[in-house]
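Asker:
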Amino acid sequence: YKLTLTWADPNSLDSDDNDIHLQLVPDYHDGTQCEDETDYLEYTDEYCGAFLSADDYAYDPNLGEESATLTTLADGTNYKSYTYAVIAYMTDDPYNLSEGDPTLTVEYNGVVKQTLTIPQYKLWGSNLNYMDLNTGVKRAYYFFGCFRPQLGYIDTRGAGFYNDDTIVIDGLDIFSHGLCKATLGWSSGYGFNPYDQNGSGDERGSGTP
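Numbering-wise, the sequence shown is residues 158 to 366 according to the numbering used here.
Put into structure tokens, the structure is as follows:
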């Protein structure tokens, strides 16, 4: 399997790139931590049945792309032994994960099996991930869900915008080991899980209503 995250530069008129990272948190199926890693995997890491591509960013007109290939590694670890929490992380840029159309595809032998897009803010539309540029308030992570190899796709229970310490379920955040096991008990449906927005303005923090 190959998980590929692609995204664009939301603003072709500024000099900022859009830097997003694909991150994985691998656990054994019983929810225990993969012993070969600490908190999570990101660019160039190669552990726990997964190897990740080089760091990338989007700068108009070029798209950003990072991927994770799930396979059997030289150390003998095989992706079938794990579940993977799949996360997009927005670095300290002026942008928001609700911009730039970050899209995750799941491929098997070159055939796309699943496509997931982070919900995107539309001008004058409802806030999805409110950001105030004066305070830096935003949720910098999007949790797509858990890739379960026995299913061959990402289980989107619990998906949504989070901080790194926001509780998803049962006292667990997006980097907690055991999250993917816990979300098997998620009872609120599949897909994007919105949260209450605070403040007024748009996703870009311009202060407009």
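By construction, the Cβ of each residue, glycine as well, lies at the ideal position given by its N, Cα and C atoms.
(1) So what does DSSP say about Ala-316, is it helix, strand or coil?
(2) Kindly list the residues whose CB is nearer than 7 Å to the CB of Asn-235, restricted to its own chain and excluding five residues on each side of it in sequence; keep chain order.
(3) To the nearest angstrom, report how far apart Tyr-204 and Gly-233 are at their CA atoms.
(4) Between which residues of its own chain and Asp-212 is the CB-CB distance below 6 Å, once the five residues before and five after are set aside?
(5) Quick one: using the 10 Å Cβ neighbour count with 16 as the cut-off for buried, is Pro-259 buried or exposed?
(6) Among Val-269, Gly-302, Pro-167, Tyr-319, which residue has its Cα nearest to the Cα of Gly-346?
(7) Rounded to the nearest angstrom, what separates Thr-262 and Ala-316 at their Cα positions?
(8) In the structure shown, what three-state DSSP assignment does Tyr-236 receive?
(9) Indicate the three-state DSSP secondary structure (helix, strand or coil) for Cys-205 in the structure shown.
(10) Helix, strand or coil for Lys-159 per DSSP?
(11) For Asp-171, is the classification buried or exposed, using 16 other Cβ atoms within 10 angstroms of its Cβ as the cut-off for buried?
Answerer: Working from what's here:
(1) coil
(2) Gly-206, Thr-229
(3) 10 Å
(4) Tyr-200
(5) buried
(6) Gly-302
(7) 15 Å
(8) helix
(9) coil
(10) strand
(11) exposed
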